[in-house]
Amino acid sequence: MPFLPGLISGVYGGGDNIVDIVPRLIVNSIDATIAAAEAGVGLANLLSYQSAPRIANGQLVEVLADHAPSPMPVSLLYDPGRAAMPAVRVFIEAMREQGRQGAWS
Numbered sequence: 551m552p553f554l555p556g557l558i559s560g561v562y563g564g565g566d567n568i569v570d571i572v573p574r575l576i577v578n579s580i581d582a583t584i585a586a587a588e589a590g591v592g593l594a595n596l597l598s599y600q601s602a603p604r605i606a607n608g609q610l611v612e613v614l615a616d617h618a619p620s621p622m623p624v625s626l627l628y629d630p631g632r633a634a635m636p637a638v639r640v641f642i643e644a645m646r647e648q649g650r651q652g653a654w655s
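Residue 583 in my numbering sits at position 33 of the sequence shown, with consecutive numbering throughout.
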């Protein structure tokens, strides 16, 4: 399988099917990726928090849901001394709540 940085090649869906994806467009920002998908350029690989509002309002349509990757763990690292600061405590709790709700799956 050929590999170039930024291209996806691999086995999807847990089967023996190997898919080499050759993109029509390569971008280096999520805003450009979303804009291209909304303009109908092709498929975009987005995280749920990036796509959910656009799927809900009909700007994007989810495809290949059965082949989505497993959720990745997210870690929040912070200086314990700063955790006593009210703004930091609020941020930490907000991130924990988002994690419990599956915001990054």
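From the three backbone atoms N, C-alpha and C, an ideal C-beta is built for every residue, glycine too.
When the options are compared against residue i, the one with the closest alpha-carbon
i, options, result
"residue 614", "628, 595, 608 and 632", "595"
"residue 627", "636, 645 and 581", "645"
"residue 650", "576, 625 and 629", "625"
"residue 623", "612, 579 and 648", "648"
"residue 652", "607, 636, 602 and 630", "602"
"residue 618", "580, 586, 582 and 597", "597"
Pair within 8 Å by beta-carbon distance, residue i and residue j
i, j, result
"residue 592", "residue 604", "no"
"residue 600", "residue 584", "yes"
Cβ-Cβ separation, residue j to residue i (assumed contact under 8 Å), whole Å
i, j, result
"residue 588", "residue 609", "5 Å"
"residue 632", "residue 638", "5 Å"
Which runs of the alpha helix (DSSP H) spanning at least 4 residues fall entirely within the region 592–644, listed in chain order?
598–606
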